[in-house]
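Going by the working numbering, the first residue of the sequence shown is number 160, and it counts up by one from there.
Just so it is clear, CB atoms sit at the ideal spot from N, CA and C, and this is done for glycine as well.
Quantities reported herein were computed from a predicted structural model and do not represent experimental measurements.
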Amino acid sequence: VQLQASGGGLVQAGGSLRPSCAASGSGFRTNVMGWYRQAPGKQRELVASKTTSGSTNYADSVKGRFTISRDNAKNTVYLQMNSLKPEDTAVYYCNLSPGDWRNYWGQGTQVTVSS
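Printed below as a string of structure tokens:
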């Protein structure tokens, strides 16, 4: 399984970004795709995830600002990030799991929010 993320960047506080992540070679009919982030000196944390059936999960810190969506036909997940804050600055990693112990990671995309 390969995950290719794109769409990070530098934005001012209050701005928006929409990274995407395409999975190839998955073959899993049901799975969870999501985004995690890791800021310098901090642990990697879940940002948002969405199952093939549409169930979503968000970190409290991004609820109301971020929206995760996915195109199951394209095996692609998107993260619409609005009202960005400097504390959202991190490397964002996309993730795919078939719902068991396996986890697949993308290469990470940098998101930097300036104040």
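Where residue i falls: helix, strand or coil (DSSP)
i, result
"Val-272", "strand"
"Asp-230", "strand"
"Val-160", "coil"
"Ser-208", "strand"
"Ser-220", "helix"
Cα-Cα separation between residue i and residue j, rounded to whole angstroms
i, j, result
"Ser-165", "Ser-274", "23 Å"
"Tyr-252", "Val-206", "10 Å"
"Thr-189", "Gly-258", "8 Å"
Outcome for residue i when other beta-carbon atoms lying within 10 angstroms are tallied against a minimum of 16
i, result
"Lys-209", "buried"
"Ala-232", "exposed"
Counterpart residues of residue i in DSSP-defined beta bridges
i, result
"Arg-196", "Glu-204, Tyr-251"
"Ala-181", "Gln-163, Thr-235"
### Message
Can you confirm whether the region 240–247 touches the region 256–266 when touching is taken to mean that 3 or more C-beta pairs between the two stretches lie within less than 8 Å?
### Response
Touching, no, given that fewer than three Cβ pairs across the two stretches are closer than 8 Å.
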